[in-house]
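**Q** Residue numbers (the working numbering): 1108 to 1359. C-beta: ideal position from N, C-alpha, C; glycine also. Source: prediction; values computed, not measured. Attaching a single structure in structure tokens format; questions to follow.
Written as structure tokens, this is what we have:
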């Protein structure tokens, strides 16, 4: 009751209502993109590969089923997450980047964000090319000409870049961390399917009760992790005094 009361109170505030509506609209667009499949794919063979690979199953769980359907966002937001982790590690390895993050003010954060986006594009291209080459050798594609394969690589890359942009839009114009919310929606989309399949296996004797309990625990840990990431972001405006380093001016 308290949750619904808080939601009703939030909808009374015009700005917060608009932000919530924007988030739900972004979720609807994300769900629609999950069903936009890349053509000329042998889905029967692809589904069998997904079923035989635990890692692919896990990635499909996070992508909301986009990987299972081999949609335009099949790679999900993973390259962006990897790029963000690399940039965080770069602040430890390269003091200049750390100084830019800490003392560069809004301009410094903007530059680091731009580098993260370009690194995301590079990682997405590498991941898409590797994925397409491997699947082409496995006979998943019904077309094998170079033009088609290149278009699939570019489409998968564009899908990841679009998800990155959508996450940033949710963070700026909605509520919470956009990337975390996209992952959360992906988990919610696949959770009923995975849960029903697990229960069916348990009833048929193909899965022990321990395995069923382990599945529920892992699912709960995934949800709690997303909530933790969502709550971990707090946008606090900080004003820095102008600081001149060489010919560069930071802050202000």
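Would you kindly report the start and end of the unbroken alpha helix (DSSP H) that includes residue 1284?
**A** The residue you call residue 1284 lines up with position 177 of the chain shown. Taken as a continuous stretch (DSSP letters only), residue 1284 belongs to no alpha helix (DSSP H), as it is neither H nor E.
**Q** Take the Cβ of residue 1303 as the centre, count every other Cβ of all protein chains shown within 10 Å, and call the residue buried at 16 or more, exposed below.
**A** As a first step, residue 1303 is located in the chain shown; it is residue number 196 there, counting from the start. Result: exposed.
**Q** Between residue 1273 and residue 1281, is the Cβ-Cβ spacing less than 8 Å?
**A** In the chain shown, residue 1273 corresponds to position 166, counting from 1. In the chain shown, residue 1281 corresponds to position 174, counting from 1. Not a contact, by the Cβ cut-off of 8 Å.
**Q** Using a Cβ-Cβ cutoff of less than 6 Å, which residues in the same chain neighbour residue 1173 once the five nearest sequence positions on both sides are dropped?
**A** Counted from its first residue, the chain shown places residue 1173 at position 66. These residues qualify, in order along the chain: 1141, 1180 and 1181.
**Q** Between the Cα of residue 1298 and the Cα atoms of 1214, 1177, 1327 and 1151, which residue gives the shortest distance?
**A** Here residue 1298 refers to the residue found at position 191 of the chain shown. Closest by alpha carbon: 1327.
**Q** Would you say the region 1260 to 1273 touches the region 1184 to 1202, given that touching needs at least three Cβ pairs under 8 Å?
**A** The region 1260 to 1273, when compared against the region 1184 to 1202, does touch it at the 8 Å Cβ threshold.
**Q** For a test of the three-state rule: what should DSSP assign to residue 1298, helix, strand or coil?
**A** In the chain shown, counting from the first residue as 1, residue 1298 sits at position 191. Note: residue 1298 maps to helix in three-state DSSP.
**Q** Within this structure, are the beta carbons of residue 1231 and residue 1264 separated by less than 8 Å?
**A** Residue numbering aside, residue 1231 sits at position 124 when the chain shown is read from its first letter. Residue numbering aside, residue 1264 sits at position 157 when the chain shown is read from its first letter. It is a contact, given that the beta carbons lie within the stated cut-off.
**Q** In the DSSP assignment, the alpha helix (DSSP H) including residue 1235 goes from what residue to what residue?
**A** The residue you call residue 1235 lines up with position 128 of the chain shown. Where residue 1235 is concerned, the enclosing alpha helix (DSSP H) stretches over 1212 to 1244.
**Q** Thinking C-beta only, is residue 1289 closer than 8 Å to residue 1137?
**A** Start at 1 with the first residue of the chain shown, and residue 1137 comes out as number 30. Start at 1 with the first residue of the chain shown, and residue 1289 comes out as number 182. Cβ atoms of residue 1137 and residue 1289: closer than 8 Å.
**Q** Taking only the alpha-carbon atoms, compute the straight-line gap between residue 1152 and residue 1294 and give it to the nearest angstrom.
**A** Taking the chain shown and counting its residues from 1, one reaches residue 1152 at position 45. Taking the chain shown and counting its residues from 1, one reaches residue 1294 at position 187. Their Cα atoms are separated by approximately 24 Å.
**Q** Name the residue from 1296, 1300 and 1205 whose alpha carbon lies nearest to the alpha carbon of residue 1170.
**A** In the chain shown, residue 1170 corresponds to position 63, counting from 1. Checking every option, the nearest Cα to that of residue 1170 belongs to 1296.
**Q** Can you give me the Cβ contacts of residue 1139 inside the same chain, cut-off strictly under 7 Å, excluding the 5 residues immediately before and after it?
**A** Counting from 1 along the chain shown, the entry for residue 1139 is found at position 32. No residues qualify anywhere along the chain.
**Q** With distances taken Cα to Cα, identify the nearest neighbour of residue 1262 among 1155, 1291, 1135 and 1177.
**A** One-based indexing of the chain shown puts residue 1262 at position 155. The option with the nearest alpha carbon to residue 1262 is 1177.
**Q** Tell me where the alpha helix (DSSP H) around residue 1251 begins and ends.
**A** Stepping through the chain shown from its first residue, residue 1251 is reached at position 144. Counting along the chain, residue 1251 falls outside any alpha helix (DSSP H), and DSSP gives it neither H nor E.
**Q** Under DSSP, the alpha helix (DSSP H) around residue 1155 begins and ends at which residues?
**A** Along the chain shown, read from residue 1 onward, the residue named residue 1155 stands at position 48. First-last of the alpha helix (DSSP H) with residue 1155: 1150 to 1159.
**Q** Between the Cα of residue 1191 and the Cα atoms of 1291, 1213, 1203 and 1226, which residue gives the shortest distance?
**A** The residue you call residue 1191 lines up with position 84 of the chain shown. The option with the nearest alpha carbon to residue 1191 is 1226.
**Q** Using C-beta distances below 7 Å, list every residue in its chain close to residue 1250, excluding the 5 sequence neighbours before and after it, in chain order.
**A** What you label residue 1250 is simply residue 143 of the chain shown in a count that begins at 1. The residues are 1147.
**Q** Could you compute how far the alpha carbon of residue 1244 sits from the alpha carbon of residue 1238?
**A** The count along the chain shown starts at 1 and reaches residue 1244 at position 137. The count along the chain shown starts at 1 and reaches residue 1238 at position 131. Taking the straight line joining both Cα atoms gives about 10 Å.
**Q** Output needed for residue 1199: all residues of its chain with C-beta closer than 8 Å, excluding positions within five of it in sequence on either side, in chain order.
**A** As a working mapping, residue 1199 is identified with position 92 in the chain shown. Correct list, in chain order: 1205.
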